[in-house]
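Counting from 959, one number per residue, gives the positions in the sequence shown under my numbering. Below: the structure, in structure tokens.
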Amino acid sequence: MMRAAIPLKLQTSYSVVFSHDGTRLSTLARDVWAWDLSRRKKIYRAHPFPHPFHADFSPSGERLAVKSTSGRIAILSGETGELVSDFRNCADGAGTNVLFSMCGQYLIDATWRGRLSVRRADSGAREFVMDFPAETISAVHRCAEGERWIVAHGRTPATDHEPTPPSYFSLWQWPFRRGHYKSLEFGFPFIADSSVAPDGQFIAVVHGAPANSLSVIDLTSGACVGSVETQAGGSGGALAWSPDGRQIASVQDGVVRLYNFPGLALLNEVILEYPSDVAFSPKDSSLAIGSWTMGWLLPPASLTTTSKISLKNGARTV
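Given below as structure tokens:
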């Protein structure tokens, strides 16, 4: 069997992200790691600050933006891991993922206190800020072409005795302008995670309390085009679309499930301890799975079977 067809261990990997060309993979735990996927080897290890939780490669791959659980953002060299700049923006507080604009000149992120920001990637200087009072922002999504963006909002009850108002999404055109967005109300009171399809037409949402439902919404009509029950776990409920938009990977309790789309029929299951994140390679649809114990990179050939794949304790059985 060729080495490229063998699953690759990624060590503890809370978060995983591919470069835009699919040649590199970054995994985050205590440190930030980068992998050269053609050689299946780690190429650097960096520690810009404690507790990194999300990263994004610039479109060219020359830079890697990293955000910590406290909200601090740093820019690393995508090739060497050397620190390029540290925004030292701890006053912003905890928040969402961070993403590059498709031109590579800006970074977009938000806080749990409801502040959406666009910063210069070279300096961290803010070019755009909009606050959403009495709201949290849980995620920002870049559609593949970078012209449309979707932001996930949660509303705070006016009093402790009132039910939580439904969450919603806002649709933005790039570049952002204050007040120039469209609210998308789907009626979900609790959104645990979400992911936008590559073509920007659909959004997959894990919702509920506990988060035991996966629904796909048509962003044009607002109609729910599919729904399936899930099993919420304590290590996250991350979602990812395959590059062709025909599969959705869902992190659940001790398992990553792959569903087809449309239809949401179960295609495959990957069983492992404490899965926490998932991402498809834009190059060949390899599947990277983050885990609190041991992450994995699975080649497409290993996912063609409909049998369960067990990766518990490092052993792979089909």
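No residue lacks a Cβ here, since even glycine has one placed at the ideal position from N, Cα and C.
Buried or exposed: where does residue i fall if 16 or more other Cβ atoms within 10 Å of its Cβ makes it buried?
i: A1273; result: A caution first: A1273 carries a pLDDT of 48, below 50, which makes its placement in the model too unreliable to give a value.
i: A1116; result: exposed
i: C1061; result: exposed
i: Q1210; result: buried
i: I1001; result: exposed
i: H1099; result: buried
i: D1067; result: buried
Helix, strand or coil for residue i? Go by DSSP, reduced to three states.
i: D1050; result: helix
i: A1097; result: strand
i: S1200; result: coil
i: K1270; result: helix
i: P1258; result: helix
i: G1112; result: strand
i: A1167; result: coil
i: C1182; result: strand
i: Q969; result: strand
i: I1149; result: strand
i: M959; result: For M959, the predicted structure reports a pLDDT of 41, less than 50, and the residue's modelled location is therefore unreliable. A value from the coordinates is still provided. M959 falls in the coil class under three-state DSSP.
i: K1025; result: strand
i: M1252; result: strand
i: H978; result: coil
i: V1276; result: Low per-residue confidence applies at V1276: pLDDT is 49, beneath 50, and the placement is therefore not dependable enough to give any value.
Residue i to residue j, Cα distance in whole Å?
i: E1093; j: L1074; result: 11 Å
i: E1150; j: V1164; result: Before going further, note that residue 1150 is Ala rather than Glu in the sequence given. When rounded, the distance between both Cα atoms is 5 Å.
i: L995; j: R1106; result: 29 Å
i: K1025; j: F976; result: 16 Å
i: P1017; j: H978; result: 6 Å
i: G1248; j: L1222; result: 22 Å
i: Y972; j: E1040; result: 21 Å
Going by CA-CA distance only, name the one from the options that's closest to residue i.
i: P1054; options: S1096, E1037, G1082 and G1072; result: Inspection of the sequence shows that residue 1054 is occupied by Thr rather than by Pro. Measuring from the Cα of T1054, the nearest candidate turns out to be S1096.
i: A1083; options: G1112, D1044 and H1119; result: D1044
i: P1201; options: C1101, L1041, G1112 and L1269; result: C1101
i: S1035; options: S1128, A1013 and S1028; result: A1013
i: R1021; options: I1267, T1027, A1032 and N1226; result: A1032
i: D1176; options: A1259, S971 and F1219; result: F1219
i: I1161; options: F1146, F1007 and A1167; result: F1146
i: S1125; options: G1158, E1085 and F1090; result: F1090
Following the continuous beta strand (DSSP E) through residue i, name the residue where it begins and the one where it ends.
i: K1140; result: Y1139 to E1143
i: A1032; result: I1031 to S1035
i: V1087; result: R1084 to D1089
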